[in-house]
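Novice:
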Amino acid sequence: MSGPLVLLDSAGLYFRSFYALPESLTSPDGKPVNAVRGFAGMVAQIITERRPSRLVACLDADWRPAFRVAAIPSYKAQRVADPVNNVEEVPDTLTPQVPIIMELLDAAGICMAAAVGYEADDVIGTLADRETDDAVEVITGDRDLFQCVRDSPTPVRVIYVGRGWSKAETLGPRELSQKYGLPERGSAYADMAVLRGDPSDGLPGIAGIGEKTAAKLITKFGSLAALVEAAAAGSKEVPLRVQSAFKADAAYLAAAPKVVAVATDAPIQFHGEEKLPASVLDLERVRELQERWDLGAPVDRLIAAITG
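Here it is in structure tokens:
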């Protein structure tokens, strides 16, 4: 049997690595490389434990896509450092590490993928949706990607590392249903997320509806669309306070599903081959990066993981 297709939420993983490891991990010239070391070590562990046949590091070509901002202008607005150029606020000591991570992935022969005008979530959603051969495993600390899970035609699972790799949770439709009290389908999570909102992404949600209430409503009516239709018709099955909230937040309710849903048709561009190489593509360059930036044991583990 072939191994799974593993999709990495790359930015999410290197952000977590940056905050998990101290900035005292530096290169010979004193520049922090904590995110690089942490990311390399995590990729090595993922390859060793999951044994993927294919591996794709999914990237943000646009961290705040225009189509989402047009629908809801507050989308990620609190994270904008430069409104003119739509630049995300990123720690000053993390920004210089990202090109090193990209160079290391390239030298190692690990495929990278992005889509102009889309986020990494959309790349993941598109690759997961179109996969018909192998099981898919999405490695992320972002709950938004829970909506990708499914059982068929090929299983898609999210390995959630929000509390670190040692406490990773593997979630499919059944686990998602048990965790949140939702119907056993990934899209039910997106429906719930629309109602609940997400302040960290600038999504207000529907006033007065938290996660538990949202889950109960989606379960009762089967889908957000059915719930909205019932509320618009004045169904007695929809509490009056919910009907009132829907009327008050009608503009948000109409726009949010498009913002929350990951795309499944992003125009993906690949750099490298999806198939995990049997050996490091350019060992000399990997070693040069390791020495130049003092990346140490994490790169040794990455090399060992790729070569098996």
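Heads up: the sequence shown begins at 1 in my numbering, then just goes up one per residue. Built from N, CA and C at the ideal position, the CB exists for glycine as well. Note that this is a predicted model, so its numbers are computed, not measured.
Look at the alpha carbon of D282 and the alpha carbon of A254, and state the distance between them as a whole number of angstroms.
Specialist: Taking the straight line joining both Cα atoms gives about 50 Å.
Novice: Report yes or no: do the stretch 166-182 and the stretch 33-47 share at least 3 C-beta pairs separated by less than 8 Å?
Specialist: no
Novice: Can you name the residues that DSSP bridges to Q178?
Specialist: Bridge partners of Q178: none, in fact.
Novice: Suppose the cutoff is 8 Å on Cβ atoms and the five residues either side in sequence are ignored; what does the same chain contact list for T307 look like?
Specialist: A278, S279 and V280
Novice: Compare the beta carbon distance of A245 and A193 with 8 Å and say whether it is the shorter of the two.
Specialist: no
Novice: How close, in whole Å, do the beta carbons of L302 and A81 come, if the pair is a contact with beta carbons under 8 Å?
Specialist: Wrong, their Cβ atoms sit about 31 Å apart, outside the cutoff.
Novice: The alpha helix (DSSP H) spanning F18 covers which residue range?
Specialist: S10 to A20
Novice: Quick check on the burial criterion: 16 or more other C-beta atoms within 10 angstroms. Buried or exposed for T140?
Specialist: buried
Novice: Please tell me whether R50 and L276 are closer than 8 Å, where the distance is taken between their beta carbons.
Specialist: no
Novice: In chain order, what are the residue ranges of uninterrupted beta strand (DSSP E) at least 3 long that sit wholly in the stretch 156-201?
Specialist: 156-160 and 169-171
Novice: Can you list, in chain order, the residues of its chain whose CB lies under 6 Å from that of V238, leaving out five sequence neighbours each side?
Specialist: A230 and A231
Novice: Straight-line CA distance for Y19 to Q178?
Specialist: 30 Å
Novice: Determine whether the Cβ of K275 lies closer than 8 Å to any Cβ atom of chain C.
Specialist: Although the question refers to chain C, the structure presented lacks it and comprises just one protein chain.
Novice: Is there contact between the stretch 7-17 and the stretch 112-130, where contact requires at least three CB pairs shorter than 8 Å?
Specialist: yes
Novice: Put A261 into one of helix, strand or coil per three-state DSSP.
Specialist: Three-state result, A261: coil.
Novice: If I'm right that A57 touches L94 with Cβ under 8 Å, what's the distance once you round it to whole angstroms?
Specialist: With a Cβ gap of about 17 Å, A57 and L94 do not count as contacting.
Novice: Whole angstroms is fine: what's the gap from V6's alpha carbon to V69's?
Specialist: 29 Å
Novice: Per DSSP, E137 is paired with what?
Specialist: V6 and R157
Novice: Suppose contacts are defined by Cβ-Cβ distances below 8 Å. Is S27 in contact with D300 by that definition?
Specialist: no
Novice: Pick helix, strand or coil for I268, following the three-state DSSP scheme.
Specialist: Correct three-state label for I268: strand.
Novice: Find the nearest neighbour of L203 within the set A305, I72, F67 and P173, judged by alpha-carbon distance.
Specialist: I72
Novice: The alpha helix (DSSP H) spanning D121 covers which residue range?
Specialist: A120 to R130
Novice: Once DSSP output is grouped into helix, strand and coil, what is the label at I206?
Specialist: coil
Novice: Nearest-angstrom Cα distance between M1 and G186?
Specialist: Interpretation of M1 is limited by its pLDDT of 49, a score under 50 that renders its predicted location unreliable; no figure is taken from the coordinates.
Novice: Please classify L145: is it buried, with 16 or more other beta-carbons within 10 angstroms of its beta-carbon, or exposed?
Specialist: buried
Novice: So, using beta-carbon positions, are L217 and L240 closer together than 8 Å?
Specialist: no
Novice: When the Cα atoms are used, what is the spatial distance from I124 to R174?
Specialist: 21 Å
Novice: Tell me where the alpha helix (DSSP H) around V116 begins and ends.
Specialist: Where V116 is concerned, there is no enclosing alpha helix (DSSP H), because DSSP gives it neither an H nor an E.
Novice: Going by alpha carbons, who is nearest to P199 out of L171, G234 and S74?
Specialist: S74
Novice: Assuming G109 contacts G272 under a Cβ cut-off of 8 Å, what Cβ separation, rounded to an integer in Å, is found between them?
Specialist: 6 Å
Novice: Relative to the C-alpha of R143, which residue among A107, Y180, V136 and D133 is closest?
Specialist: Ranking A107, Y180, V136 and D133 by Cα distance to R143 puts Y180 first.
Novice: Can you tell me whether D290 is buried or exposed, with buried defined as 16 or more other CB within 10 angstroms of its CB?
Specialist: Per the sequence shown, the amino acid found at residue 290 is Gln instead of Asp. The residue in question, Q290, is buried, as its Cβ has 16 or more Cβ neighbours within 10 Å.
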